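The listed protein sequences correspond, in order, to chains G and R.
For the first sequence, the numbering used here assigns the number 1 to the initial residue and increments by one for each residue that follows.
For the second sequence, the numbering used here assigns the number 114 to the initial residue and increments by one for each residue that follows.
Positions of the beta carbon are idealized from the N, C-alpha and C atoms, including for glycine.
Computed from a predicted model, the values in this text were never measured in an experiment.
A short worksheet on the structure shown next.
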Amino acid sequence: DGGITQSPKYLFRKEGQNVTLSCEQNLNHDAMYWYRQDPGQGLRLIYYSQIVNDFQKGDIAEGYSVSREKKESFPLTVTSAQKNPTAFYLCASSIRTVNTEAFFGQGTRLTVV
Amino acid sequence: AQSVAQPEDQVNVAEGNPLTVKCTYSVSGNPYLFWYVQYPNRGLQFLLKYITGDNLVKGSYGFEAEFNKSQTSFHLKKPSALVSDSALYFCAVRVGWEDNDMRFGAGTRLTVKP
């Protein structure tokens with residue numbers, strides 16, 4: 001089945017630790033995105049990538065890092081510099097045309113303990 | 114910069130009644146507008162989109178949306194609501210690849226009561 005897979009579904013992090021969220025797609029999409037969702041704030045863009053080995057900062061990139069070494073994979077690392085990392089993280093992918101919709105993974109809920 | 118606004122945090126309707134979830138947009142070019150639905154602890158699912166042409170767009174699960182350029186709106190509608198339509202709805206806009214992201218509204222929680 002084609003789709004976009006995020007793992008893990010739930011993640012707990014101790015303060016001061018880095019954690020990496022996985023996002024894999026088999027849709028052959030060039031563009032991939034990471035969003036953060038907080039209650040009442042909608043989705044805010046963290047990073048996006050239009051092509052392998054290239055990525056751009058979104059509105060709230062501070063404290064996060066990404067890589068795009070393969071077309072299928074776009075992992076997000078939440079570093080210790082992110083002061084308020086508890087949130088629901090969504091990965092998405094799309095074809096590289098402006099009039100196409102994005103496909104979303106099921107999300108990872110990160111909690112700092 | 115492009116943006117969308119969803120003026121209502123919450124919409125309540127009775128089952129069988131028509132529903133409307135509002136969205137307005139602000140862009141500097143021609144907008145490409147999208148509606149998504151999110152169920153609890155899940156990702157977003159695409160419902161419908163406006164690209165060009167007919168202002169009334171039909172989508173999944175009986176939903177439709179009307180693009181109104183003069184009012185810069187793209188309201189989501191359904192003639193007869195179901196309890197199972199209860200979810201969080203997001204409007205989104207995309208303009209072009211210079212500003213590559215898809216901008217989302219804050220979301221509207223729809224509750225359909227039996």
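For L132 (chain R), return the contacting residues in chain G, with the cut-off set at a CB-CB distance below 9 angstroms. Locating residue 132 (chain R) in the second sequence gives position 19, counting from the first residue. None at all; the shortest Cβ gap to chain G is about 20 angstroms.
Does the Cβ of S183 (chain R) have 16 or more other Cβ atoms within 10 Å, making it buried, or fewer, making it exposed? For the purposes of this step, residue 183 (chain R) is taken as residue 70 along the second sequence, with counting starting at 1. Result: exposed.
Using a threshold of 9 angstroms, state whether the C-beta atoms of Y47 (chain G) and L76 (chain G) are closer than that. Locating residue 47 (chain G) in the first sequence gives position 47, where the first residue counts as 1. Locating residue 76 (chain G) in the first sequence gives position 76, where the first residue counts as 1. Yes, the pair counts as a contact, with Cβ atoms nearer than the cut-off.
Could you check what DSSP says for Y47 (chain G) in three-state terms: helix, strand or coil? Here residue 47 (chain G) refers to the residue found at position 47 of the first sequence. Y47 (chain G): strand per DSSP, three-state reduction.
Using a Cβ-Cβ cut-off of 9 angstroms, state whether K162 (chain R) counts as contacting chain G. For the purposes of this step, residue 162 (chain R) is taken as the residue at position 49 of the second sequence. With 9 angstroms as the cut-off, K162 (chain R) counts as an interface residue toward chain G.
Assuming F74 (chain G) contacts C23 (chain G) (C-beta within less than 8 angstroms), just tell me the rounded distance between them. One-based indexing of the first sequence puts residue 74 (chain G) at position 74. One-based indexing of the first sequence puts residue 23 (chain G) at position 23. Contact holds; Cβ gap of about 5 angstroms.
Cross-chain neighbours of F203 (chain R) in chain G, by beta carbon under 8 angstroms: Counted from its first residue, the second sequence places residue 203 (chain R) at position 90. Correct list: G42, L43.
CB contact below 9 angstroms: L11 (chain G) versus chain R: Within the first sequence, numbered from 1, the residue matching residue 11 (chain G) stands at position 11. Not closer than 9 angstroms to any Cβ of chain R, the Cβ of L11 (chain G) fails to qualify, so no.
Helix, strand or coil for S199 (chain R)? Go by DSSP, reduced to three states. As a position in the second sequence, residue 199 (chain R) is number 86, starting the count at 1. DSSP places S199 (chain R) in coil when its eight states are reduced to three.
Output the distance between the C-alpha atoms of M32 (chain G) and A92 (chain G), rounded to the nearest integer angstrom. In the first sequence, counting from the first residue as 1, residue 32 (chain G) sits at position 32. In the first sequence, counting from the first residue as 1, residue 92 (chain G) sits at position 92. The straight-line gap from Cα to Cα measures roughly 6 angstroms.
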